[in-house]
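Beneath this line is the structure, given in structure tokens, with notes to follow.
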Amino acid sequence: MRLQSLPIIAGFAALALIVGARAVLVESQRANRAAARETIEYQEQLSGLLSLAQDAESGQRGYLLTGEKSYLEPYRKAIEAIPGQLARIESAAAPDDQIIQQISHIKAALSQQQAELAETIALYDRGDAAKALQLVRGGQGKSAMDEIRASMDTIRRIGAAAVAARDEHTDRVEAWLRIGSLAALLGIFLLGVYTIRQSRRRFREVLVAQEELMRKNIELGNEIQTRENAESQIRQMQKMEAVGQLTGGIAHDFNNMLAVILSAMNLAQRKLKRGEHDIEKLVEAATDAASRAANLTSRLLAFSRLQPLAPQVVDTNRLLTGMSDLLRRALGEGIRIETVLAGGLWKIHADPNQLENAILNLAVNARDAMDNDGKLTIETVNSHLDEAYASTHADVAPGQYVMIAVTDTGAGMSPEIITRAFEPFFTTKPVNKGTGLGLSQVFGFVKQSGGHVKIYSEPGEGTTIKIYLPRLFGPEEPAVPAGRDKGAATVTETILVVEDDARVRASTTDVMRELGYTVIHAAGGQEALQKLAATPGIALLFTDIVMPVINGRKLAEEALARQPGLKVVFTTGFTRNAVIHNGVLDHDVHFLAKPFTIDQLAAKLRDVLDTK
């Protein structure tokens, strides 16, 4: 009886052992779930601390960008809440040396971040916004936040490793139990079924916990996106304000010029109807206003980095030496001019005419700032802008540059004026003393040439404006003067004018005939090709670029294919992708920008026709 009962006893013993082991396993799983919940709660506390640090930083950034005190409210709330949140994290921390060390790192980084935020706000409150922004760009706050995130990630990995270790141990025990369950009686089998069900429930709980963590992450991402959208709206408002100032300035200046032109032309019409011919002053006034309007358009294109540039290899020292007489005439006898030209100065690749205009603009601004009495210093030097400088200045590529500095002894500029100095139509000069486009034109030209411009100034201490233009690398290829036919002085050529605007076409045709040329005109590309085929002896194609169906560039290509050797001159009021790419004229392209004077047209035609 006892022997028969041994299997039963052994079975019950095995069952009891398995049940006991299962009980131990269940308790272990409960402990694991509790540990997982604690880990999740601890990670949520860490996320809350990170969110508070980001709130403080966002409040500080908003205040520095807008100056609105309301942005400091989330900053203050975050600063007040951080100590309590940090205390809760410390009290809930596991007794692990690594976790304690990472919490110490977090406390130190938070202290550093709060000190940097408080210092920038204090600087801004004292009116030193430039220094505050410089401190922000220094990257100390970003480094502190990176340290906080890195320490939190380390704590999360430690917690995740502990949970994974518990799960791995539990899985090994469960595997042995399943092997034992296969050799047990029905009760052991039923116990195995129960164990499987419990395991599935446990997995569902883990899945629910993971989904909850994912939901929290999504909420945090949405919050970050909301803040980014708010910052984007602020930037858009600033852009709209700048656009409003630009369009208002354009409308004001163009309306003034159009008023002069309309008045002069109306008066000229009335005088001519009465048989009077003393209209020269009226024509001069209209011509002057039209020239100023064309100059305004050119300056706006320069600011927008859309003016057509014809870059060449430039020796900056030689260019400045050649400008000495021009500068003396422009500045007058009251301004003393000193040039400090560096030896061994690198060459640059830039449009020499636009570079001269930029230097002249800076010199004239300096003269006005010195009230026609002071000293102007122009200096050149080889310069290197390193990675550290480029990281704190937008759109600056590290590398070697030629630096041109223009320094005056004038009244200087306040930080507020410096921040707006390059804005179009912004000027501190009296009414009718400046357009506010000089520095913006310089800025556009330098940026379009791949360079950098920087203002250094203090009230009462004068101003220095530094232009950095990229050094020319590779072989220098100075322009070789084209050979000209010295005997072609008499105007005998036939020109084909292609222009889709009837009024512009008529005026251009009349001007060319006035210059003595035989002129054939066409309103579009297809008509031009027909007249080119029907008229022998056409020497030059003068075509607008922006036209329907066939643009000027395609027309020129087709015309040259049919008549090799045909000279071509392109003209337009604005283009950015037909014969001009990245602001630079294509190679071997002859271009005359609208509007142009008779003298400019005559010079361009002879220049192209006389070129062999």
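The letter at position 588 of the sequence shown is residue 588 when you use UniProt numbering, and the numbering goes up by one with no holes. Glycine included, each C-beta is placed from N, C-alpha and C at the ideal position.
Under the three-state reduction of DSSP output, Gln312 falls in the strand class.
Contact between Ala411 and Gly460 is confirmed by a C-beta separation of about 7 Å, below the 8 Å threshold.
In this structure, Asp544 and Thr571 form a Cβ contact; the two beta carbons are roughly 6 Å apart against a cut-off of 8 Å.
Excluding sequence positions up to five before and after Thr464, its CB lies within less than 6 Å of the CB of Ala405, Thr407, Tyr456, all in the same chain and listed in chain order. Note: Gly374 is bridge-paired with Ile335 in the DSSP secondary-structure output. Apart from the 5 residues on each side of it in sequence, Glu558 sits with its Cβ closer than 7 Å to the Cβ of Leu529 in its chain, given in chain order. With respect to Val504, Leu541 sits apart: the two C-beta atoms are not nearer than 8 Å. Three or more Cβ pairs drawn from the region 376-391 and the region 332-345 lie within less than 8 Å of each other, which places the two stretches in contact.
Annotated as distal: Ile99 and Tyr63, with beta-carbon spacing of 8 Å or more. When rounded, the separation of the alpha-carbon atoms in Gly67 and Leu472 is 43 Å. Below 8 Å, enough C-beta pairs join the region 137-153 and the region 50-57 to call them touching: three or more.
An exposed status is given to Glu387, since fewer than 16 other beta-carbon atoms sit within 10 Å of its beta-carbon.
Proximity to Leu469 across Ala268, Glu90, Ser70, Val313 peaks at Val313, based on C-alpha coordinates. At a Cβ-Cβ threshold of 8 Å, Ala268 and Ile261 do not count as neighbours. The alpha-carbon of Lys273 is positioned some 11 Å away from that of Asn266.
The region 131-142 makes no contact with the region 85-105; the number of CB pairs closer than 8 Å stays below 3. Taking the Cβ atoms as the reference, Leu496 lies roughly 11 Å from Ala533, outside the contact range of under 8 Å. Taking a C-beta distance under 8 Å as the contact criterion, Ile467 and Ala358 qualify as a contact pair. Put simply, of Asn361, Ser324, Glu458, Glu80 the residue whose alpha carbon is nearest the alpha carbon of Ser440 is Asn361. The Cβ atoms of Ser449 and Ala286 do not sit closer than 8 Å to each other. Under the DSSP assignment, Thr611 falls outside any beta strand (DSSP E); it carries neither an H nor an E label. Lys466 carries a strand assignment under DSSP once its states are collapsed to helix, strand and coil. Gln400 sits in a strand when the DSSP states are folded into three classes. Secondary structure within the region 17-72: not one fully enclosed beta strand (DSSP E) run of 3 or more consecutive residues is present. Beta-bridge partners of Glu379 (DSSP): Val340, Ala405.
In this model, Arg553 and Gly525 are separated by some 10 Å (Cα to Cα).
For Leu258, the closest of Ala230, Asn229, Asp288 by C-alpha to C-alpha distance is Asp288. It is roughly 23 Å from the alpha-carbon of Leu133 to the alpha-carbon of Gly451. The residue among Asp500, Ser28, Asp325 with its C-alpha nearest the C-alpha of Glu168 is Ser28. According to the DSSP assignment, Ile520 belongs to the beta strand (DSSP E) that extends over 518-522. Look at Thr492 here: in three-state DSSP terms it is coil, with no helix or strand label. Residue environment for Ser104: exposed (fewer than 16 other C-beta atoms within 10 angstroms of its C-beta). Annotation for Ala56: Pro74, Tyr75, Ala78, Ile79, Ile82, Gln113, Gln114, Leu117 place their beta carbon closer than 8 Å to its own, counting only its chain and skipping 5 residues before and after. Apart from sequence neighbours up to five positions away, the residues of its chain that approach Met370 with a beta-carbon distance below 7 Å are Ile335, Asp408, Thr409, Gly410, ordered along the chain. For the 8 Å CB-CB criterion, Val498 and Leu601 do not form a contact. As computed with DSSP, Phe591 is found in a beta bridge with Phe570.
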